[in-house]
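K.L.:
Residue numbers (my numbering): 71 to 437. Take a look at the following structure, please.
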Amino acid sequence: MLVILHPDTEEQSENFIETWHYLESLQGIKLNKHDIQGNQQKLTEIYLLGDTHTLDKEEIECLPAVERVIRISEEYRILGRHKDNLLTSGFTYNDVRFDQQGLNIFAGLCAVDNPQHVELMMKALKENGQQCTRMGAYKPRTNPYSFQGHGDTCLPYVFELAGKYGIKVIAMEITHEAHIDEIHECLEKSGNPTGVMLQIGTRNTQNFELLKAIGRQNTYPALLKRGFGITLNESLNAAEYLASEGNSNVIFCLRGMKSEYGLPHRNLVDFAHVPVIKRLTRMPVCIDPSHSVGTRELAPDGLMDVMHATAQGIIAGANMVLVDFHPAPTKALVDGPQALLLEELPVFLEDVQIAHEAYKKRCALFS
Ligand code: PEP
Ligand code: MN
Numbered sequence: 071m072l073v074i075l076h077p078d079t080e081e082q083s084e085n086f087i088e089t090w091h092y093l094e095s096l097q098g099i100k101l102n103k104h105d106i107q108g109n110q111q112k113l114t115e116i117y118l119l120g121d122t123h124t125l126d127k128e129e130i131e132c133l134p135a136v137e138r139v140i141r142i143s144e145e146y147r148i149l150g151r152h153k154d155n156l157l158t159s160g161f162t163y164n165d166v167r168f169d170q171q172g173l174n175i176f177a178g179l180c181a182v183d184n185p186q187h188v189e190l191m192m193k194a195l196k197e198n199g200q201q202c203t204r205m206g207a208y209k210p211r212t213n214p215y216s217f218q219g220h221g222d223t224c225l226p227y228v229f230e231l232a233g234k235y236g237i238k239v240i241a242m243e244i245t246h247e248a249h250i251d252e253i254h255e256c257l258e259k260s261g262n263p264t265g266v267m268l269q270i271g272t273r274n275t276q277n278f279e280l281l282k283a284i285g286r287q288n289t290y291p292a293l294l295k296r297g298f299g300i301t302l303n304e305s306l307n308a309a310e311y312l313a314s315e316g317n318s319n320v321i322f323c324l325r326g327m328k329s330e331y332g333l334p335h336r337n338l339v340d341f342a343h344v345p346v347i348k349r350l351t352r353m354p355v356c357i358d359p360s361h362s363v364g365t366r367e368l369a370p371d372g373l374m375d376v377m378h379a380t381a382q383g384i385i386a387g388a389n390m391v392l393v394d395f396h397p398a399p400t401k402a403l404v405d406g407p408q409a410l411l412l413e414e415l416p417v418f419l420e421d422v423q424i425a426h427e428a429y430k431k432r433c434a435l436f437s
């Protein structure tokens with residue numbers, strides 16, 4: 071059962087305290103409170119978990135802080151839409167807004183290799199008006215002898231350079247819960263020059279203990295990648311693990327599915343699912359054209375497949391793009407062959423803009 075409070079209800083207010091006491095006294099019911107900061111107002115939702123069948127909906131609706139009560143039995147209790155399209159979605163992190171309406175580009179290095187390349191990347195982003203990036207420090211690799219990422223040793227210069235070039239959010243994959251503390255300590259030590267969005271890679275989508283650990287903290291939002299060999303429902307349940315532990319600042323990322331049918335791409339591009347996820351859940355939807363397509367192949371029309379795939383995701387309403395760039399792809403330690411060049415950043419961003427305008431025109435057409 072979902073209890074929605076009147077907008078901007080303060081936790082110290084009498085109405086809140088009375089409502090909370092009542093709910094707390096319900097036998098066998100666990101409370102899970104979520105605050106959602108919208109552009110205009112703060113919305114508080116309280117999830118009643120447990121056997122809610124015997125609860126009196128009308129009685130709860132009469133509590134002073136309560137606006138309305140929704141019975142939810144479907145999956146994705148917290149992140150789902152539950153036939154209520156008006157529910158607020160999205161969040162603001164480090165002054166950057168993430169929701170199902172906006173669009174944020176995270177262009178950057180698949181794997182951090184050295185400070186020079188990080189600086190060239192950050193500088194190019196700043197020159198092109200960008201405030202987000204991706205930087206891989208902990209790399210999950212298929213082959214145990216492959217480069218595993220520099221780990222926490224590279225964090226000090228990555229964060230310092232991000233601050234220097236005005237980068238506000240870095241998407242960074244973690245593969246173990248200890249990495250949350252490593253990132254946190256390094257950010258604190260360097261005076262929080264930037265922010266981090268914790269990325270859960272496709273190989274860890276169902277690493278439930280990792281999901282629970284990321285869900286238990288609220289400092290960093292999470293970017294969950296769809297599992298490459300499981301159903302969409304299973305991946306959405308994995309996202310719900312984060313929310314069920316208390317962190318509903320979650321973005322869901324499509325990155326292609328493992329399939330021989332995907333050839334000649336690295337994965338079968340699944341960006342037609344962008345609107346599906348927006349319909350099923352309140353999460354902003356990210357696309358990763360780099361790990362989907364996996365090459366720099368050109369189509370006869372002169373556009374790279376990776377740019378075509380990006381445009382397809384955006385024209386279908388994607389809210390975030392995670393994309394590999396590198397100043398010298400032949401020297402990249404991971405995924406060089408799919409990286410775009412820094413010289414290609416302006417045209418990439420322009421192409422993104424064209425697709426986003428087209429999406430907005432399409433929405434207007436049907437509104
Ligand atoms: C990545 O984004 O660098 C990555 C490893 O992606 P995925 O988990 O989708 O393979
Ligand atoms: Mn990669």
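Every residue gets a Cβ at the ideal spot worked out from N, C-alpha and C, and that includes glycine. Given the structure is predicted, the values throughout are model-derived calculations rather than measurements.
So, are the CB atoms of Val393 and Ala177 less than 7 Å apart?
P.N.:
Yes, they are a contact pair.
K.L.:
What is the residue span of the alpha helix (DSSP H) that Ile78 lies within?
P.N.:
Here residue 78 is Asp; the residue named in the question, Ile, does not match the sequence. Where Asp78 is concerned, there is no enclosing alpha helix (DSSP H), given that its DSSP letter is neither H nor E.
K.L.:
What is the rounded straight-line gap between the Cα of Gln382 and the Cα of Asp375?
P.N.:
So the alpha carbons of these two residues sit roughly 10 Å apart.
K.L.:
Hey, Ile333 and Ala181: beta-carbon distance below 7 Å or not?
P.N.:
The sequence as given places Leu at residue 333; Ile does not occur at that position. No.
K.L.:
In three-state DSSP terms, what is Cys35?
P.N.:
Lying outside 71 to 437, the shown extent of the chain, residue 35 is not represented and no answer is given.
K.L.:
Note down, in chain order, each residue of its chain lying with its Cβ closer than 7 Å to the Cβ of Leu195, except the 5 sequence neighbours on either side.
P.N.:
Ala177, Thr203, Tyr235 and Ile237, listed in sequence order.
K.L.:
Nearer than 6 Å: is that true of the beta carbon of Asp405 relative to any heavy atom of the ligand MN?
P.N.:
Yes; taking the cut-off as 6 Å, the Cβ of Asp405 has a heavy atom of the ligand MN nearer than that.
K.L.:
In three-state DSSP terms, what is Met71?
P.N.:
Residue state, collapsed to three classes: coil.
K.L.:
Taking 7 Å as the threshold (C-beta atoms), are Thr264 and Ile240 in contact?
P.N.:
A contact, by the Cβ cut-off of 7 Å.
K.L.:
Do Glu255 and Glu208 have their beta-carbon atoms positioned less than 7 Å apart in this structure?
P.N.:
Per the sequence shown, the amino acid found at residue 208 is Tyr instead of Glu. For Tyr208 and Glu255, no; Cβs fall outside 7 Å.
K.L.:
Which of helix, strand or coil does DSSP assign to Glu247?
P.N.:
Correct three-state label for Glu247: coil.
K.L.:
Just list the residues that DSSP pairs Leu118 with in beta bridges.
P.N.:
Answer is Leu101.
K.L.:
Need the endpoints of the alpha helix (DSSP H) that Met267 sits in, please.
P.N.:
Segment Gly265 to Ile270 is the beta strand (DSSP E) holding Met267; no alpha helix (DSSP H) there.
K.L.:
Using only CA atoms, which one of Lys401, Glu129 and Asn174 lies nearest to His187?
P.N.:
Closest option to His187, Cα to Cα, is Lys401.
K.L.:
Among residues of its own chain, excluding the 5 on either side of Val346, which ones have a beta-carbon nearer than 8 Å to its beta-carbon?
P.N.:
Closer than 8 Å at the Cβ level, and outside the excluded window around Val346, lie Leu302.
K.L.:
Expressed to the nearest angstrom, what Euclidean distance is found between the alpha-carbon atoms of Thr79 and Lys112?
P.N.:
The straight-line gap from Cα to Cα measures roughly 8 Å.
K.L.:
Relative to the C-alpha of Thr89, which residue among Asn109, Val139 and Thr124 is closest?
P.N.:
When each option's Cα is compared against that of Thr89, the closest is Val139.
K.L.:
Can you tell me whether Glu197 is buried or exposed, with buried defined as 16 or more other CB within 10 angstroms of its CB?
P.N.:
Glu197 is exposed by the Cβ-count criterion.
K.L.:
Can you tell me whether Ala428 is buried or exposed, with buried defined as 16 or more other CB within 10 angstroms of its CB?
P.N.:
With fewer than 16 other Cβ atoms within 10 Å, it is exposed.
K.L.:
May I ask you to check if the CB of Cys180 is nearer than 6 Å to at least one heavy atom of the ligand MN?
P.N.:
Indeed, a heavy atom of the ligand MN lies less than 6 Å from the Cβ.
K.L.:
Output the boundary residues of the beta strand (DSSP E) element that contains Tyr163.
P.N.:
Segment Phe161 to Tyr163, the beta strand (DSSP E) holding Tyr163.
K.L.:
When you compare the CB positions of Leu149 and Arg352, do they come within less than 7 Å of one another, or not?
P.N.:
Cβ distance < 7 Å, so Leu149 and Arg352 count as in contact.
K.L.:
Looking only at its own chain, which residues have a Cβ that is under 6 Å from the Cβ of Asn317, when we skip the five neighbours before and after it?
P.N.:
Hits under 6 Å: Gly285 and Asn288.
K.L.:
Confirm, please, whether the CB-CB distance from Phe168 to Pro359 is below 7 Å.
P.N.:
No; because the gap between Cβ atoms is not below 7 Å, this pair is not in contact.
K.L.:
Which partner residues does Ile142 have in the DSSP bridge list?
P.N.:
Ile142 pairs with nothing; no bridge assigned.
K.L.:
Under 6 Å Cβ to Cβ from Ile385, same chain only, skipping five residues before and after it: list those, please.
P.N.:
So the qualifying residues of the chain are Ala425, Ala428 and Tyr429.
K.L.:
Measure the CB-CB distance between Thr275 and Arg325 and report whether it falls below 7 Å.
P.N.:
Going by C-beta atoms, Thr275 is not nearer than 7 Å to Arg325.
K.L.:
Using only CA atoms, which one of Gly372, Thr212 and Ile253 lies nearest to Gly221?
P.N.:
When only C-alpha atoms are compared, the closest one is Ile253.
K.L.:
Quick check for students: name the residue ranges of the beta strand (DSSP E) that lie wholly in the segment 255-332, counting only runs of 3 or more.
P.N.:
Fully enclosed beta strand (DSSP E) runs of 3 or longer: 265-270, 292-295 and 320-324.
K.L.:
Which residue from Ile250, Leu293 and His249 puts its Cα closest to that of Ile270?
P.N.:
Checking every option, the nearest Cα to that of Ile270 belongs to Leu293.
K.L.:
Can you tell me which residues form a DSSP beta bridge with Asn174?
P.N.:
Met390.
K.L.:
Cutting at 7 Å between CB atoms, please list the residues of its own chain near Ala309, excluding the five before and the five after it.
P.N.:
Excluding residues within five positions, the ones whose Cβ falls inside 7 Å are Leu149, Leu294, Val320, Phe322 and Met353.
K.L.:
Tell me Ala241's beta-bridge partners as DSSP assigns them.
P.N.:
Ala241 is bridged to Arg204 and Met267.
K.L.:
Considering Cα atoms alone, identify which of Ile116, His246 and Ala379 is closest to Glu279.
P.N.:
It is His246.
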